[in-house]
Amino acid sequence: MKVNHPNQQASLSHSLIVGLILQYCRQENLTMVDSGYISPPRVPLCYPAHSVVDNLSTLPQTQIFPSCSWHSLCLNISLMKYCRFQLNGAAHYGLVESVAGSDVPGSNVAGSKNDNEEITRLLLQPPQHSDGDVEGLPSRRMDHIPLAQADLLPPVQPSKIVCVGRNYREHAAELGNEVPQEPLLFFKPPSSLLPPGGTILRPKASERTDYEGELGVVIARRCYQLSENDDVRPYILGYTCVNDFTARDLQNKDGQWTRAKGFDTFCPVGPVVADGLDPWTGVQVETTVNGGVRQSGNTLDFIFALDVVIRYISQIMTLEPGDLIATGTPKGVGPVVSGDAVEVSIAGIGKLRNPVADQP
Ligand code: MG
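For the sequence shown, position 7 matches number -2 in our numbering, and the numbering has no gaps at all.
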């Protein structure tokens, strides 16, 4: 198995590996019986980026984790993250790494802070031009910038944003809707994109505006009319947080959703695009308003799994590299007003926080 890492020349630090193992022990309530297995010299101080799993696999892991495997441990690790940001008046894509192993990728939602992450390298080509291999893109060193202090932009530049409506059973029920028999699709325009921290503007035309926290999928390769036998994973570049902000009253009034979903600022996205998540084995999506939890769903509850969704969309339209798919929102949607702040959190990606204000 290949472990993706933002910098092929870099190594995973011993402290990061130990941090991952300790995190896993805490999650699984396991006791490390012999920490010597993860200490030098039995494990080298650093692991070459692409052989870390092989190195770990040689360890007698059953003596450390009786009920898991390195494979399952590493499957849940997101090691490739990138953002888009403004620096000296220009927009750049940058690779994002955890510092000191303290923000462990793959941690639970509550621990998915971006506080300990830094932008470490400039990508010299957009990730959507990498044919799925972001690691292989040319990059150059830069003075590290803490992600929390960066002037972030939306990490995607899609030709289109394809959204799935009512893809969680309990969300369909809470709005009094039938469960769809096939994926229900709609668009948001790219002009609705909003960066992390950007202010969502409630239009004067609407009296009820709702948050919808969702897992976003970024397309890696052009695809059209994928067959049942096609594996969709090579077509996925990574995942991000999306807030499918909605003028609920206009959605009900119009019958079709272009206006309700399409206002400028109605598509906050970010803070990063990350790989290593697995929606098929469960990704937790949580939304808070002013710190109070409003939505807490899991992609295991999708009505239509992600492979079904991607194949279905590809029967209709060509998906281009960089296109964004919003996979639907779990139950718990509700209104926000001026002065509120909405935060969408996904483990392995981080937190997408946006304040809300009335359009002046
Ligand atoms: Mg939605």
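Positions of the beta carbon are idealized from the N, C-alpha and C atoms, including for glycine.
Bridge partner(s) assigned by DSSP for residue i
i	result
Ile210	Ile227
Phe254	Note: Phe254 sits in no beta bridge, so no partner.
Pro270	None; Pro270 has no bridge partner.
Ile191	Val347
Leu86	Tyr73, Arg112
Lys342	Ser336
Asn234	Gly204
Gln286	Thr278
Leu310	Cys214
Ala81	Leu78
Neighbour-count burial assignment, residue i, 16 or more Cβ in a 10 Å radius
i	result
Thr272	exposed
Leu291	exposed
Pro137	exposed
Ala196	exposed
Ile307	exposed
His120	exposed
Glu126	buried
Gln387	Examination of residue 387 is not possible in this model, given that the chain is present from -8 through 351 alone.
Pro31	Any reading at Pro31 needs caution, since the residue's pLDDT is 30, under 50, leaving its predicted position unreliable; the model's value is listed next. The residue is exposed, with fewer than 16 neighbouring Cβ atoms inside 10 Å.
Val328	exposed
Gly123	buried
Leu128	buried
Pro149	buried
Asp314	buried
Gln275	buried
Ala317	buried
Pro174	buried
Pro225	exposed
Gln247	exposed
Leu115	exposed
Glu109	buried
Where the beta strand (DSSP E) through residue i begins and ends
i	result
Asp142	142 to 144
Glu165	Note, Glu165: premise wrong, no beta strand (DSSP E); alpha helix (DSSP H) at 160 to 165.
Gln242	Careful: Gln242 lies outside any beta strand (DSSP E), inside the alpha helix (DSSP H) at 239 to 245.
Asp201	200 to 202
Gln77	72 to 78
Ser197	Counting along the chain, Ser197 falls outside any beta strand (DSSP E), and DSSP gives it neither H nor E.
Leu175	175 to 179
Gly156	152 to 156
Leu315	315 to 317
Reduced DSSP secondary structure (H/G/I, E/B, other) of residue i
i	result
Trp61	The predicted model places Trp61 with a pLDDT of 43, which falls under 50 and marks its position as unreliable, so this point remains unresolved.
Ile304	helix
Leu185	strand
His41	Summary for His41: the model assigns pLDDT 31, below 50, so the residue's position carries little reliability; its value from the coordinates is reported in the next sentence. If DSSP states are grouped into helix, strand and coil, His41 belongs with coil.
Thr279	strand
Pro326	strand
Asp292	helix
Gly261	strand
Asp134	strand
Leu217	coil
Leu297	helix
Val147	coil
Gly127	helix
Pro118	helix
Thr320	coil
Asn105	coil
Sequence-distant residues of its chain with Cβ nearer than 6 Å to residue i (five each side left out)
i	result
Gly229	Val209, Val264, Ala265, Asp266
Ile191	Phe236, Thr256, Asn345, Val347
Thr111	Leu86, Glu88, His135
Val324	Asp201, Glu203
Pro180	Gly253
Arg33	Below a pLDDT of 50, predicted positions are generally treated as unreliable, and Arg33, at 28, falls in that range; no measurement from the model is reported.
Arg199	Arg239, Asp240, Pro326
Arg157	Ala163, Asn168, Pro171, Leu175
Lys322	Glu161, His162, Glu165
Cys354	There is simply no residue 354 to check, as the chain begins at -8 and stops at 351 in what is shown.
Sequence-distant residues of its chain with Cβ nearer than 8 Å to residue i (five each side left out)
i	result
Asp245	Ala251
Gly189	Thr256, Pro259, Asn345
Spatial neighbours of residue i in its chain, beta-carbon cut-off 7 Å, leaving aside the 5 residues before and after
i	result
Gln216	Ser305, Gln306
Pro186	Leu143, Leu144, Pro145, Gly261
Gln350	Leu192, Arg193, Pro194, Lys195
Asn(-5)	Interpretation of Asn(-5) is limited by its pLDDT of 34, a score under 50 that renders its predicted location unreliable; the figure taken from the coordinates is listed afterwards. For Asn(-5), where only same-chain residues beyond five positions count, the Cβ hits under 7 Å are Leu70, Met71, Glu126, Asp266, Gly267.
Ala296	Trp271
Ala139	Asn105, Asp106
Ser182	Asp255
Asn281	Asp331, Ala332
Asn356	Since the displayed the chain opens at -8 and closes at 351, residue 356 lies outside it and no answer follows.
Cβ-heavy atom distance, residue i to the ligand GTP, below 6 Å
i	result
Asp235	With respect to small molecules bound, the structure shown includes the ligand MG and not the ligand GTP.
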